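Some notes on the structure that comes next.
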Amino acid sequence: MELEAARLIAAGICMGLGAIGSGIGEGHVGAAALQAIGRNPSISGKIIPNMIVAMAITESTAIYSLVISLIILFVI
Amino acid sequence: MSDITLPARIIFSLGPVPVTDGFLGAVLVSVTIIGLFIYATRSFGLVPTRLQMVLEMISDYIMEQLKTAFHSTERAEAFFPFFMTMLLFIFVANQFMFVPFIFELTYNGFDIFRQPTSDFAQPIALSLMVFFISQWMAFKISPLNHIQNFISVKPFLKARSLMEFFTASIEAFVGLLNIVGEFAKIVSLAARLFGNVFAGNVMVAVIIGLGAYTQFIVPIPFLILSVFSGLVQAFVFMLLSVQFVAISIDGAMDDEEEEIVGKAVATT
């Protein structure tokens with residue numbers, strides 16, 4: 029396989045596999061937050077900032093793989 | 012945004028110091044914030060203007076977050092300027108690409124300015140600042156307790172049986188893991204901000220580069236998405252760094268308070 033093709037495939041696989049876990053996790057976070065808001069709608073102003081922070085932490089693995097695939101694409 | 016490069020481009024050298032486009036962007040952002048606040052605070056009064064309302068709303072929100080994180084008003088007020096500056100800097104820097112004609116200014120064929128947070132050096136610099144502040148504050152409060160969080164010898168000295176010795180060795184291992192965790196925080200905090208902002212730029216550039224018909228209307232939803240993620244990431248960076256500093260201060264305070272309580276119990 030040529031180096032260029034290997035690089036592109038590596039970047040694609042890295043991003044695709046890295047996004048699976050954080051996709052599932054973010055779905056759980058959103059679902060739990062919506063359930064909480066459904067039980068007590070008046071507290072949604074307190075839940076939504078916490079939900080966004082939790083989502084940002086959850087998606088960090090996807091961001092790592094994104095950074096690595098960007099490095100593969102643009103630096104190496 | 013003519014082409015995408017990961018490292019910042021060196022525009023010119025000031026003696027031995029290379030001046031990059033990301034650095035010039037950061038200077039522009041700082042000047043914008045300073046100018047805005049000089050203009051805003053000049054007209055502050057008892058009857059608030061619209062700008063004053065917005066600024067006070069943001070400061071109140073951050074003050075609330077700091078108070079709940081640090082459990083003390085004094086410490087929250089001491090830390091407030093640092094975190095407020097960080098939030099404003101990241102927030103303005105993330106919306107940098109909407110300054111009109113900013114990417115038309117070129118020098119030797121390259122853009123002069125670059126979005127500061129899409130240069131990996133700057134998120135790393137911000138998170139290193141948070142790292143050193145959290146370590147230094149915890150160290151100042153109680154050096155012994157702070158070091159004990161990482162190299163725990165105390166449980167070994169207290170251990171009397173084999174089982175206690177076993178749990179003590181587990182605690183020592185957790186302490187070693189904490190050292191790795193502290194350094195992982197730097198990278199994770201910086202990579203989160205950088206990845207979101209840079210990915211937004213790449214996405215818009217790819218959509219624009221698809222063809223002649225996708226240059227005008229089609230990128231707008233993606234631009235809105237990157238505006239939203241820039242706002243959220245600024246808040247997330249600030250809130251997470253508040254949490255890191257608060258956690259490390261708590262870790263240093265915890266044992267000390269316990270000891271004080273223990274002494275109080277012993278004296279009574």
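From first to last, the protein sequence lines stand for chains F and H.
Counting from 1 along the first sequence, just add 28 to a position and that's the residue number in our numbering.
Counting from 1 along the second sequence, just add 11 to a position and that's the residue number in our numbering.
Ideal placement from N, C-alpha and C gives every residue a C-beta, glycine not left out.
All of these numbers come straight from a predicted model, not from anything done at the bench.
- H:Leu221 carries a coil assignment under DSSP once its states are collapsed to helix, strand and coil.
- Distance from the CA atom of H:Pro232 to the CA atom of H:Tyr50, rounded to whole angstroms, is 33 angstroms.
- In terms of Cβ geometry, H:Phe94 and H:Ile73 form a close pair [threshold 8 angstroms].
- Against chain F, the CB of H:Leu250 has a partner CB under 8 angstroms away; the residue lies at that interface.
- One finds Ile91, Leu94, Val95 in chain F with Cβ atoms closer than 7 angstroms to the Cβ of H:Gly206, taken in chain order.
- Judged by DSSP secondary structure, H:Phe34 falls within the alpha helix (DSSP H) whose first and last residues are 32-53.
- From the beta-carbon of H:Phe209, the residues of chain F found nearer than 7 angstroms are Leu98.
- Pairing F:Glu54 with H:Gly206, the inter-Cα distance amounts to about 17 angstroms.
- Scanning its chain for C-beta atoms nearer than 7 angstroms, with the 5 sequence neighbours on each side dropped, one finds around H:Val215 the residues Pro230, Phe233, Leu234, Ser237, in chain order.
- None of the residues of the segment 54-69 of chain F has a beta carbon lying less than 9 angstroms from any beta carbon of chain H.
- With fewer than 16 neighbouring CB atoms inside 10 Å of its own CB, H:Gln226 falls in the exposed class.
- Using a Cβ-Cβ cut-off of 9 angstroms, H:Arg20 is close to nothing in chain F; its nearest Cβ partner there is about 13 angstroms away.
- Going by DSSP, H:Ile22 is part of the beta strand (DSSP E) stretching over 21-25.
- Of all C-beta pairs linking the segment 80-96 of chain H to the segment 78-96 of chain F, fewer than three are shorter than 8 angstroms, placing the two stretches out of contact.
- Identification of chain F residues near H:Thr16 by a Cβ-Cβ cut-off of 7 angstroms yields Phe102, ordered along the chain.
- At least 8 angstroms separates the beta-carbon of H:Gly262 from that of H:Ala136.
- Interface with chain F (8 angstroms Cβ-Cβ cutoff): H:Arg53 is excluded.
- Contacts with chain F at 8 angstroms (Cβ-Cβ) do not include H:Ser41.
- Put simply, the CB of F:Ser88 is near chain H, with a gap under 8 angstroms to one of its CB atoms.
- Secondary structure within the segment 71-145 of chain H: the alpha helix (DSSP H) runs of 4 or more consecutive residues, fully enclosed, are 84-105 (chain order).
- Within its own chain, the residues whose Cβ lies closer than 7 angstroms to the Cβ of H:Leu251, once the five positions on either side in sequence are excluded, are Leu200, listed in chain order.
- Contact note: H:Ala202 reaches chain F through Ser88, Ile91, Tyr92, Val95, using a C-beta cutoff of 8 angstroms and chain order.
- Remark: C-beta atoms of H:Arg20 and H:Phe184 do not approach each other more closely than 8 angstroms.
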